[in-house]
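Enquirer: If you use the working numbering, the sequence shown corresponds to residues 13 to 322, in order.
Note that beta-carbon positions come from the ideal geometry of N, C-alpha and C, so glycine has one too.
Structure below; questions to follow.
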Amino acid sequence: MKLNRLLEITTILLNKKTVTAAELAERFGVSTRTIYRDIDVLSASGVPVYCSQGARGGISILEDYTVSRAVLSGDERAALDSVLLGLQTLEATRYPEIDTVLEKLGGIFKGTSAESDWISVDISPWGSDPNAGNKFTDIKTAILQSRVIEAEYINAQNKKSRRKIEPLRLVFKSQAWYLWGFCLFRNDYRTFRISRIKSVRITDESFDRQKQRLIENGENNCEKPEEEKPWIEMKLEFTGDALYRLCDDYDDDMLHDNGDGTFTVSMYFPEDEWVYGYILSFGTAVKVIAPESVREVIKERAEKILGFYL
13 MKLNRLLEIT TILLNKKTVT AAELAERFGV STRTIYRDID VLSASGVPVY CSQGARGGIS
73 ILEDYTVSRA VLSGDERAAL DSVLLGLQTL EATRYPEIDT VLEKLGGIFK GTSAESDWIS
133 VDISPWGSDP NAGNKFTDIK TAILQSRVIE AEYINAQNKK SRRKIEPLRL VFKSQAWYLW
193 GFCLFRNDYR TFRISRIKSV RITDESFDRQ KQRLIENGEN NCEKPEEEKP WIEMKLEFTG
253 DALYRLCDDY DDDMLHDNGD GTFTVSMYFP EDEWVYGYIL SFGTAVKVIA PESVREVIKE
313 RAEKILGFYL
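What follows is the structure, encoded as structure tokens:
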């Protein structure tokens with residue numbers, strides 16, 4: 013489309029000092045005459061482009077020129093903001109090449125509006141190592157190059173193991189990042205929580221990613237977690253002090269207001285160390301109603317914690 017070509021030409025000129033009509037014509041698969049007509053349209057619309065003669069001549073744009081967002085419609089500005097949000101989300105996973113794209117977009121729209129600065133995306137935990145995101149880049153590289161990775165992994169039972177994985181996808185789900193792939197150790201598809209992967213090494217061993225994706229679609233194994241955990245129905249009663257966290261973790265229809273300032277949640281949880289830690293993280297703002305086995309575990313651990321301070 014002509015509009016897309018005009019916008020891309022403007023972007024090219026903003027990121028290059030000079031470009032020839034022949035170069036642009038080859039890039040877009042049109043004639044040089046079409047390019048010159050495009051330049052006339054840009055000039056007539058207020059974009060300060062100009063042509064210079066000579067060995068180093070070509071098409072240029074005035075230095076320090078930026079495109080005003082005012083020329084975009086409301087829908088176009090919303091679409092642009094969506095693109096920026098998506099790119100910032102990728103940047104949060106430490107994809108270094110995204111920085112270049114954001115820098116170029118920023119160069120086009122800098123100093124024109126505060127609208128593009130309304131959100132910042134950072135998926136790393138509070139207090140985390142700023143270099144921890146490098147494993148995202150390594151895993152992404154392995155996925156795109158169809159290379160097997162070796163990883164040190166700690167599961168929910170605190171067991172550490174070395175795994176060889178054919179990585180297929182990075183997934184963000186339920187406030188955490190996961191790697192989904194084929195575990196050569198388990199000889200099956202597994203989902204690994206990224207925060208529990210402590211090291212990643214890309215090997216020289218390759219695999220057929222397209223074949224694995226076909227198997228995935230046929231067998232629908234992508235939701236199978238690395239840890240096989242028993243799931244039990246639990247009933248928890250929370251005080252009003254925990255309401256802000258309940259809003260983070262549960263939909264409104266999952267919360268039963270008891271009318272006395274407390275709320276009850278009934279749902280299935282995996283019975284493992286994670287769920288015990290989750291319950292204890294609420295301190296005195298939660299009480300386990302059922303099952304009795306979990307009540308006893310929490311009671312024993314609370315008594316042990318108390319023992320630390322006696």
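Pick from GLU35, LYS147, ASP265, TYR288: whose alpha carbon is nearest that of VAL212?
Expert: Considering only alpha carbons, the answer is LYS147.
Enquirer: According to DSSP, simplified to helix, strand and coil, what is LEU7?
Expert: It is not possible to answer for residue 7, since the shown part of the chain is limited to 13 through 322.
Enquirer: Of all the options PHE184, ASN167, ILE161, which has the alpha carbon lying nearest to the alpha carbon of GLU178?
Expert: Here the closest residue by C-alpha is ILE161.
Enquirer: At the level of alpha carbons, what is the spacing between GLY295 and LYS311?
Expert: If I take the Cα positions, the gap works out to 12 Å.
Enquirer: Along the chain, where does the beta strand (DSSP E) containing ARG208 start, and where does it finish?
Expert: First-last for ARG208: undefined, no H or E at that position.
Enquirer: Between which two residues does the beta strand (DSSP E) containing LEU191 stretch?
Expert: Unbroken beta strand (DSSP E) run through LEU191: 188-195.
Enquirer: Can you give the Cα-Cα distance for GLU38 and LYS29, rounded to whole angstroms?
Expert: Cα to Cα, GLU38 sits roughly 18 Å from LYS29.
Enquirer: Starting from the C-beta of HIS268, find all residues in its chain whose C-beta is less than 8 Å away, skip the five residues before and the five after it, and write them out in chain order.
Expert: PHE275, THR276, VAL277, SER278.
Enquirer: In whole angstroms, what is the alpha-carbon distance linking ARG202 and LEU74?
Expert: Going from the Cα of ARG202 to the Cα of LEU74 covers about 54 Å.
Enquirer: Who are the Cβ neighbours of ARG45 in its own chain at under 8 Å, not counting the five residues just before and after it?
Expert: Nothing listed; no residue qualifies.
Enquirer: Leaving out five residues on either side along the sequence, give the residues of the same chain with a beta carbon under 6 Å from the beta carbon of ARG159.
Expert: Here the set comprises ILE214, SER218.
Enquirer: So, helix, strand or coil for PHE281, using DSSP?
Expert: In the structure shown, PHE281 sits in a strand (DSSP, three-state: E or B).
Enquirer: Do ALA302 and MET266 have their CB atoms nearer than 8 Å?
Expert: Their beta carbons are not under 8 Å apart, which means ALA302 does not touch MET266 by this criterion.
Enquirer: Leaving out five residues before and five after ALA297 in sequence, what residues of the same chain have Cβ atoms less than 7 Å from its Cβ?
Expert: Only PHE250, THR251, ASP253, ALA254 meet the Cβ criterion.
Enquirer: What whole-angstrom Cβ distance do PHE281 and TRP243 have, given they're in contact under 8 Å?
Expert: Contact flag correct, Cβ pair sits at about 7 Å.
Enquirer: Looking at the structure shown, is ARG39 part of a helix, part of a strand, or coil, going by DSSP?
Expert: Residue state, collapsed to three classes: helix.
Enquirer: Select from ASP260, ARG181, LEU292, VAL306 the residue whose C-alpha is nearest the C-alpha of LEU318.
Expert: Measuring from the Cα of LEU318, the nearest candidate turns out to be LEU292.
Enquirer: What is the DSSP secondary structure of PHE204, counted as helix, strand or coil?
Expert: DSSP places PHE204 in strand when its eight states are reduced to three.
Enquirer: Does DSSP put SER158 in a helix, a strand or coil?
Expert: Looking at SER158 - three-state DSSP - the assignment turns out to be coil, as it is neither helix nor strand.
Enquirer: Do ALA33 and ILE47 have their beta-carbon atoms positioned less than 8 Å apart in this structure?
Expert: In this structure, ALA33 lies closer than 8 Å to ILE47 by Cβ.
Enquirer: Report all residues from its chain with a CB closer than 7 Å to the CB of ARG174; omit the five preceding and five following residues, and keep chain order.
Expert: For ARG174, where only same-chain residues beyond five positions count, the Cβ hits under 7 Å are GLU162, GLU164.
Enquirer: Can you name the residues that DSSP bridges to ALA163?
Expert: DSSP lists ARG175, VAL212 as partners of ALA163.
Enquirer: Report the option in LEU18, GLY41, ILE206 whose CA atom is closest to the CA atom of ALA56.
Expert: Nearest option by C-alpha distance: LEU18.
Enquirer: Roughly how many whole angstroms lie between the Cα atoms of SER207 and TYR256?
Expert: Taking the straight line from one Cα to the other gives about 24 Å.
Enquirer: Looking only at its chain, what residues have a beta carbon closer than 6 Å to the beta carbon of PHE40, apart from the 5 residues adjacent to it on each side?
Expert: So the qualifying residues of the chain are ARG17.
Enquirer: Quick one: is ARG198 buried, meaning 16 or more other Cβ sit within 10 Å of its Cβ, or exposed?
Expert: Burial call: exposed.
Enquirer: Report back the beta-carbon spacing between TRP189 and ARG181 to the nearest angstrom; my notes put them in contact at under 8 Å.
Expert: Going by Cβ atoms, the distance from TRP189 to ARG181 rounds to 11 Å, so no, they are not a contact pair.
Enquirer: By the three-class DSSP mapping on this structure, what secondary structure does GLY252 have?
Expert: Looking at GLY252 - three-state DSSP - the assignment turns out to be helix.
Enquirer: Measure how close the beta-carbons of LEU258 and VAL300 come, nearest whole angstrom, since I'm counting them as under 8 Å.
Expert: Actually they do not touch by this definition, with Cβ atoms about 15 Å apart.
Enquirer: Return the bridge partner residues of PHE275 from the DSSP annotation.
Expert: PHE275 is bridged to PHE250, ASP269.
Enquirer: Could you pull the start and end residues of the alpha helix (DSSP H) that TYR48 belongs to?
Expert: Where TYR48 is concerned, the enclosing alpha helix (DSSP H) stretches over 44-56.
Enquirer: With distances taken Cα to Cα, identify the nearest neighbour of TYR62 among SER43, VAL42, VAL31.
Expert: Nearest option by C-alpha distance: VAL31.
Enquirer: Using the C-alpha atoms, what's the distance from GLN222 back to ILE155?
Expert: ILE155 and GLN222: Cα-Cα distance of roughly 11 Å.
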